[in-house]
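So the structure is just underneath, and the comments pick up after that.
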Amino acid sequence: MTTALIITTYNWVEALELSIRSALNQTHLPDEIIIADDGSRTDTKELIEKIATNSKIKIIHSWQEDDGFRLARSRNLAIAKSSSEYIIVIDGDMILDKNFVLDHLNCAEENHYIQGSRVLLNRTLSQNILDNNFFKKPSFFTKKITNKKNMLYLPYLTKVICNSSNQELKRIRGCNFSLFKADIIEVNGFNEDFNKWGREDSEFVQRLYNHGIKRKNLKFAGIQYHLYHKEGNSNSFNDEILQRAIDEKLTWCDNGIDKHLKVRKNG
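Heads up: the sequence shown begins at 9 in the working numbering, then just goes up one per residue.
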């Protein structure tokens, strides 16, 4: 099964470098890494080209013009450019445990969406990591971390938990999830009507649920460390799009990935 790791980014080259380096240090490398870039400056392009030169695997820079918050479109573009069967998505401010990709693949199953979690690093620790351009796995007893239970690596327990399926929207995180590309295409990917922060990942997952896809929670594995930054606030327009998907049991969005797939096919 071929695998693509999608990394979203926007103008934070220092964090992205650490994220890519952790992706290239996996015990099981993905077949390709695609950077879903929502209009970053040229320094991001230069970094990707530099790393790609010495990479054992293909690294693709999927860039779109900076025209506001267009994360949904950026993800769709990157997924459309992928030639892999299985898609793992993270954000460019995530540093991955060396078994991250392998853990997702061990739980992969058709017609299932895998939701992972994250370890939150506080502002001081995150800044220290960025200043030194170096990440060392912190101790469980480090005080500058929240969600410490997500640091526990218990793969045998993971297999038991991952076998349970559900359909809930609690703790949907677009920074750590995976599923088959075919399942993404079945619901037409992410809804590009979202042009502000929030709910675009929940709306996507709700359409997956409406289509019959089940959710697996990846616990005690698939560990990632989240560099600190302020998060945005959702808005009523985004909430309304999500609620419509729930109320009308939508399985498709009109403004989705299909147009990018057509361009790739024709090109």
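Where is the CB? At the ideal position from N, CA and C, for every residue including glycine.
Assigned exposure category for residue i - 16 Cβ within 10 Å defines buried
i, result
"Q214", "buried"
"H268", "buried"
"F148", "exposed"
"K224", "buried"
"S134", "buried"
"H187", "Before going on, a small fix: residue 187 reads as Leu here, not His. Result: buried."
"V168", "exposed"
"T150", "exposed"
"D209", "buried"
Beta-carbon gap between residue i and residue j smaller than 8 angstroms
i, j, result
"N196", "D266", "yes"
"T166", "F228", "yes"
"E40", "S90", "yes"
"A80", "E239", "no"
"T35", "Y94", "no"
"I249", "F202", "yes"
"Y217", "L129", "no"
"S82", "D46", "yes"
"L55", "I137", "no"
"G220", "N84", "no"
"I231", "N158", "yes"
Among the options, the one whose alpha carbon lies nearest that of residue i
i, options, result
"K58", "N114, L24, L128 and D101", "L24"
"V97", "T10, L235, C183 and R29", "C183"
"A190", "H112, F228 and I87", "I87"
"R207", "K257, D51, N155 and I180", "I180"
"R49", "R81, D74 and R131", "D74"
"I42", "A60, L26 and N33", "A60"
"F198", "N130, L113, N33 and N246", "N246"
"H120", "I14, N158, E176 and N155", "E176"
"K144", "R29, I14, C261 and I15", "R29"
Backbone CA spacing between residue i and residue j [nearest angstrom]
i, j, result
"H69", "N19", "14 angstroms"
"D105", "R126", "11 angstroms"
"A116", "M102", "21 angstroms"
"P146", "L258", "42 angstroms"
"G275", "N171", "Here the model assigns G275 a pLDDT of 44, short of 50, so the residue's position is not dependable, and the following value carries that caveat. Those two C-alpha atoms are separated by around 40 angstroms."
"F108", "G124", "10 angstroms"
"S27", "E118", "27 angstroms"
"I193", "K66", "23 angstroms"
"A31", "D51", "20 angstroms"
"L110", "F212", "24 angstroms"
"K2", "S173", "Absent from the structure is residue 2, since the part of the chain shown begins at 9 and ends at 275."
"T17", "K53", "11 angstroms"
"Y161", "R131", "24 angstroms"
"K204", "N241", "9 angstroms"
Distance cut-off 7 angstroms: residue i Cβ against heavy atoms of the ligand MG
i, result
"G264", "Here there are no bound small molecules, and the ligand MG is not part of this structure."
Fully enclosed by the stretch 163 to 235, which alpha helix (DSSP H) runs are 4 residues long or longer?
-> 163 to 170, 189 to 194 and 208 to 218
Minimum length 4: unbroken alpha helix (DSSP H) runs contained in the stretch 125 to 167 = 131 to 140
Enumerate, from N- to C-terminal direction, the unbroken alpha helix (DSSP H) stretches of 4 or more residues contained entirely within the stretch 72 to 115.
-> 79 to 89 and 108 to 115
Complete alpha helix (DSSP H) runs within the stretch 13 to 73 (minimum length 4 residues, chain order) | 21 to 31 and 50 to 61
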